[in-house]
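Count along the sequence shown from 1, add 812, and you get the number used in our numbering.
Positions of the beta carbon are idealized from the N, C-alpha and C atoms, including for glycine.
Right, one structure below, let's go through it.
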Amino acid sequence: ICLPVDWQLDSEEERWYWPVRLLKILARLPLHEDTWLGWGHTIDHGGYFDESTELCGSMLINPSSFGDADNVCVLPDGSEVNFYQVIPLYREEMDFKTEHDAQELLKQLDSRVLVVDPKRHRFCGGKVLLS
């Protein structure tokens, strides 16, 4: 997850801590739910991450700062570890992805989603914007 340079990581306030909590939840999800996470998966938080934002879900995409070849690490035994970037989403964006798919949602988004901004622009504001 990419945070702005002025994000207060040392704060114990939830408005600053929720991205860390989100990463912890996602890291534990496969074990607790006997499932797996992969590219394009969306996870519904069930409510706002914090009262400072209406972001309430997330999607996994390839990291924006890596080249495609760097998204996977091949281990000595041949197994692979995939790296993903977590993109926090609004309800409308989660609904759009559910109705369409991850690829179509990515066409609606722009680079503003790559760095966490609790008040960022909403994409898919109730409209189907397919081109």
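Residue(s) in a DSSP beta bridge with residue i
i: L872; result: V898
Reference residue i; option with closest CA among the options
i: G850; options: W828, A881 and Y896; result: Y896
i: Q915; options: T854, V832 and G869; result: T854
i: D882; options: V893, D889, P888 and C814; result: V893
i: I813; options: D922, G858 and I873; result: I873
i: Y902; options: F935, L834, W828 and L838; result: F935
i: W848; options: L838, V817 and H857; result: L838
i: L834; options: D856, E845 and E911; result: D856
i: G858; options: H912, D907 and D913; result: D907
Inter-residue CB distance, residue i and residue j (contact presumed, cutoff 8 Å)
i: G937; j: E904; result: 6 Å
i: W830; j: F861; result: 4 Å
i: P900; j: S870; result: 5 Å
i: V928; j: L815; result: 5 Å
Same chain, Cβ closer than 7 Å to residue i, neighbours up to 5 away in sequence not counted
i: S876; result: Q897 and L926
i: P930; result: S864, T865 and L867
Same chain only: Cβ atoms within 6 Å of residue i, ignoring 5 sequence neighbours per side
i: L942; result: Any reading at L942 must be qualified, since the residue scores a pLDDT of 43, below 50, and its modelled position is unreliable; the value itself is stated next. Counting only Cβ-Cβ distances below 6 Å, and skipping sequence neighbours, we find nothing.
i: E826; result: D862
i: L921; result: F935
Nonlocal neighbours in the same chain, by C-beta distance under 8 Å from residue i, ignoring five residues either side
i: V832; result: L821
i: L918; result: I873
i: R924; result: R932 and H933
i: T910; result: T854
i: D913; result: G852
i: V884; result: E892, V893, N894 and F895
What are the start and end residues of each continuous beta strand (DSSP E) run of 3 or more residues lying completely inside the segment 823-892, in chain order? Fully enclosed beta strand (DSSP E) runs of 3 or longer: 854-856, 869-873 and 884-886.
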